[in-house]
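Whatever position you read off the sequence shown (first residue = 1), add 1 for my numbering.
Ideal Cβ positions, reconstructed from N, Cα and C, are used throughout, including at glycine.
Report on the following structure.
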Amino acid sequence: TFCYPGEKKPSLDGIEIKVPKGHTLGVVGVIGSGKTTLTQMLLRLYEPSSGSLIVGGRPIKDFSLSSLREAIGYVSQDPFLFSTSIRNNIVLGRKSNLELEEIIGRAGLSKDISRFPEGLDTLIGERGVSLSGGQKQRVALARALLSEPEVLILDDAFSNLDSDTEEEILRNVQVHLAQTTTFIISHRLSAVRNADNIIVMDAGKIIEQGSHISLMRDGGVYAGLVNNQSLAKELEVLL
Numbered sequence: 002t003f004c005y006p007g008e009k010k011p012s013l014d015g016i017e018i019k020v021p022k023g024h025t026l027g028v029v030g031v032i033g034s035g036k037t038t039l040t041q042m043l044l045r046l047y048e049p050s051s052g053s054l055i056v057g058g059r060p061i062k063d064f065s066l067s068s069l070r071e072a073i074g075y076v077s078q079d080p081f082l083f084s085t086s087i088r089n090n091i092v093l094g095r096k097s098n099l100e101l102e103e104i105i106g107r108a109g110l111s112k113d114i115s116r117f118p119e120g121l122d123t124l125i126g127e128r129g130v131s132l133s134g135g136q137k138q139r140v141a142l143a144r145a146l147l148s149e150p151e152v153l154i155l156d157d158a159f160s161n162l163d164s165d166t167e168e169e170i171l172r173n174v175q176v177h178l179a180q181t182t183t184f185i186i187s188h189r190l191s192a193v194r195n196a197d198n199i200i201v202m203d204a205g206k207i208i209e210q211g212s213h214i215s216l217m218r219d220g221g222v223y224a225g226l227v228n229n230q231s232l233a234k235e236l237e238v239l240l
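Here's what the structure looks like:
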C-alpha cells in the first residue's frame with residue numbers, strides 16, 4: 002500500500018503480486034489507476050506506506066539504490082537521450098559481451114540506423130530532437146538491453162511504434178532475455194497478451210488478474226478493453 006505525502010486516498014491499495022524470475026507481468030488500466038506509481042515503487046523512487054517489496058527473497062530496501070538501478074533496465078514512453086551520437090547513447094561508456102549490431106537488431110533499430118549517413122555515429126541533437134518518438138524509444142530499449150538487466154521495465158515503451166515492430170521487439174525480448182523478469186506497463190493491450198500474468202488496475206487496486214486467454218474467457222474489464230481497441234483499429238483501417 003502506498004499513499005503520496007499529503008494525500009488521504011492511497012494510490013496503491015493492498016497490491017499483492019508475485020513475479021517469478023524470468024516471467025513477464027503485464028500491467029494495464031486506465032489513466033490514474035496506479036500503473037505509474039507501481040513503476041516508481043519498483044524503481045524505489047518511493048517506499049511503501051505499509052507492506053514491502055521483496056526482490057530475490059530480500060526486502061528491496063536492503064539493496065543500495067545504485068546496485069538496484071544497475072540491475073534494472075527501464076524504458077519509458079518519453080526516454081531521456083543525450084546530445085551525442087546514437088552509439089554513445091546506447092553504450093554510455095559501459096563494456097558488454099554483446100555485439101552492438103546484435104543489440105540494435107533486437108531493439109528493431111537496424112533499418113533505421115542503415116538509413117542514417119553516419120550510422121551509429123549520427124549525432125541526434127538535444128534530447129534526441131532529430132529522432133522520431135519511436136526511434137527514441139528503441140534507442141532507449143537498446144541501451145537497456147545492452148546492460149543485460151535482471152529486471153526489465155517497459156513503461157508504455159511501445160506507444161510510438163507500429164504493431165508489427167512492437168511484436169518483433171517483444172519476441173526478441175522473450176527469446177534473448179528468458180532469465181530476465183519483465184514488467185510491461187501499457188495502454189496498448191497487444192503488448193501484454195503474451196505475458197505470463199496480467200493485472201488490471203483501477204483506483205490503485207488489482208481488479209482482475211490472469212493470462213490473456215483466461216481474462217478474455219472471463220469477459221470482464223480486460224476483455225472489454227481488448228474488444229474496444231480491436232474495434233477502434235478496424236475503424237481506422239476502414240477510414
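| Query | Result |
| --- | --- |
| Using alpha carbons as the reference points, say which of 7, 14, 3 lies closest to residue 203. | 14 |
| Is residue 28 near the ligand COA, judged by its Cβ being under 8 angstroms from some heavy atom? | Ligands displayed in this structure: none; no statement on the ligand COA is therefore possible. |
| Is residue 179 closer than 9 angstroms to residue 74 when the C-beta atoms are compared? | no |
| When DSSP labels each residue in this structure, what does residue 19 get in the three-state scheme? | coil |
| Determine the extent of the alpha helix (DSSP H) in which residue 105 is found, giving its start and end residues. | 101-107 |
| List the endpoints of the continuous beta strand (DSSP E) containing residue 209. | 206-211 |
| Would you list the one or two residues that DSSP bridges to residue 60? | 55 |
| Assuming contact is defined by CB atoms lying nearer than 9 angstroms, are residue 159 and residue 194 in contact in what I supplied? | no |
| Please classify residue 11: is it buried, with 16 or more other beta-carbons within 10 angstroms of its beta-carbon, or exposed? | buried |
| On the DSSP letters alone, give me the boundaries of the beta strand (DSSP E) that residue 183 sits inside. | 182-186 |
| What residues match up with residue 199 in a beta bridge as DSSP calls it? | 27, 211 |
| What is the rounded straight-line gap between the Cα of residue 207 and the Cα of residue 16? | 7 angstroms |
| Thinking C-beta only, is residue 78 closer than 9 angstroms to residue 110? | no |
| Can you give me the Cβ contacts of residue 191 inside the same chain, cut-off strictly under 7 angstroms, excluding the 5 residues immediately before and after it? | 164, 167 |
| Name the DSSP bridge partner or partners of residue 73? | 152 |
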